[in-house]
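Position 159 of the sequence shown, counting from 1, maps to 1415 under this note's numbering, and the rest follow consecutively.
Every residue, glycine too, gets a C-beta built ideally from N, C-alpha and C.
All remarks here apply to the structure that follows.
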Amino acid sequence: MGKAIPRPQNSTNVRPFDLRLFAVRAGLRAVGALSSEAAAQWAERIYRTPRRHARPAWEREALAAAVPSRVASGAGNVPVWTFNPPRPRSGDPAVLLVHGWEGRGSQLSAFVPRLLAAGLRVVAFDAPGHGDHPAPDATVVDLADALVHVAREAGPIEGIVAHSLGGVAAILAQRRGVGAARYAFIAPPLNPHRFIGAFVSFFGLDARAESRLKARIEARTGIALRELDGRLLAPRMRGELLVVHDRQDQEVLFEDGLALAGAWPGARLHETQGLGHRRVLRDSLVINEVASFIASAEAADTGLSMDSLEGELFHRELRWVA
C-alpha cells in the first residue's frame, strides 16, 4: 500500500484535511460492498501499519551518547541503544524503555540522565514497524516479543518504563517470563484493541467486515481480544507499578490508567494536568517521579542522590529535558 496510513485511536485524531485517509475510507467502503473478507484484509493491514516519524534533533543527540547494537528476534534484528552509567559496575541492573504505537525508543530519552545517576544501565529499542526497525508492520504481540528478546540480552532488569501500548507489551512479556521489580506505565490503555470501534466507525466498515477484521487480528496475534483487558491481566502481575496519566489525554483516556492502577495489586497513580499523551514524557516532574520510583533502591546503593549536583552534572550532554 505504500506509505503507512494512520490508525485513528479516537475521532479527535482524524484530521479533516487528510484527503488520503478519506480516499482510503471510500475505497474500503466500495470493496466492502463486494466482499467483507477483502475489506477486512485491507483494513487489518492498515490497522497493523504504524506511521514512522522522524526523530527530532534532541532524540538524535540523546542516541549519540549510547552504545548501539542489534538483537535478533522473530521479526528481524531489533535496533538497541544502551546508556551506561558514569561509574559502571559489573552486573549493573538495567532499566528498559518501551515506546508505544507509532513511537520509538528515543522518545523516552529524557528519563535517561536520572536513571544513570542512580547507577542503572538504560536500554532503549525500536520495536518492529517502528523507528529504525526493518519490519514493515507490527502487532502488540510483536512489540512484546521484541521486549522479551531485548530483556534477555540486557541482563538483570530492575525496572521497565513503558509508554502507552508499551505497557501492554510489558504485561505480555511478563507472561513470557520477563519480569522487573518495578514498572512505570505512562498513559497505558486497558486494551490495545478497544480502539477498533473508532477505527471501524471512521472507515465505515459494516458488521460483517468488522467481525472478519477482529477474527484476522486474533488469528495473527494468537490472543483473543477479550483476553487483553488489563483488568483481567493486572491482578496476576508481579512487581510494583506506578501509573502516570494525564487527565487531558485525548488518545488514551485517563480512566484507562485509573482502572489499570486499581486492578494491579498495590499500584499507585500519579495524575497530571494539561500534558496530554506525549508531552508527559518530557515533563521534569514526571521524570523525577518515575526515576525516583524505579531507581530508589539503586540510588541508596550508590550513595548518590537523584537530585544531587553531582547527579545533575553526570553526562551533561544527556540533559534533554525541555
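Query, Result
"DSSP beta-bridge partners of THR1528", "ASP1502"
"Contact check, LEU1489 vs ILE1427, beta carbons under 8 Å", "yes"
"Under 8 Å between C-beta atoms of GLY1422 and VAL1354", "yes"
"Any 3 or more C-beta pairs closer than 8 Å across the stretch 1456-1471 and the stretch 1430-1444", "no"
"Whole-angstrom C-beta distance between THR1528 and ASP1539, which should lie under 8 Å", "7 Å"
"Distance, GLY1387 Cα to GLU1414 Cα", "25 Å"
"Coarse secondary structure for ILE1416, derived from DSSP in three states", "strand"
"Any 3 or more C-beta pairs closer than 8 Å across the stretch 1489-1498 and the stretch 1321-1328", "no"
"From ALA1320, ARG1360, GLY1375, residue whose alpha carbon lies closest to that of ARG1343", "GLY1375"
"Close Cβ partners of LEU1275 (< 7 Å) along its chain, the five nearest in sequence each way excluded", "none"
"Euclidean distance between Cα positions of ALA1296 and GLU1474", "13 Å"
"Three-state secondary structure (DSSP) of VAL1406", "helix"
"Beta-carbon proximity of ALA1299 to LEU1481, cut-off 8 Å", "no"
"Nearest to PRO1384 (by Cα), restricted to the options ALA1373, ASN1333, SER1420", "ASN1333"
"Cβ shell of ALA1328 (< 8 Å), same chain only, five flanking positions each side left out", "VAL1334, HIS1405"
"As assigned by DSSP and simplified to three states, the class of PHE1458", "helix"
"Which of helix, strand or coil DSSP assigns to ARG1276", "helix"
"Close-in-space but distant-in-sequence residues of the same chain around GLY1330 (CB under 7 Å, 5 per side omitted)", "ASP1401"
"Residues of its chain near ARG1431, where Cβ-Cβ distance is below 6 Å and the 5 sequence neighbours each way are ignored", "none"
"Under 8 Å between C-beta atoms of ILE1543 and PHE1339", "no"
"Rounded separation between GLY1433 and LEU1525 - CA only", "25 Å"
"Residues near ARG1281 by beta carbon distance below 8 Å, same chain, minus five either side", "PHE1458, PHE1459, GLY1460"
"Close beta carbons around ALA1391, own chain, < 6 Å, minus the five adjacent residues each side", "ALA1331, GLY1332, PRO1384, GLY1385"
"Through-space distance from GLY1283 to ALA1556, alpha-carbon basis", "Low confidence applies here, because ALA1556 scores a pLDDT of 39, under 50, leaving its location unreliable; read the following figure in that light. Taking the straight line joining both Cα atoms gives about 59 Å."
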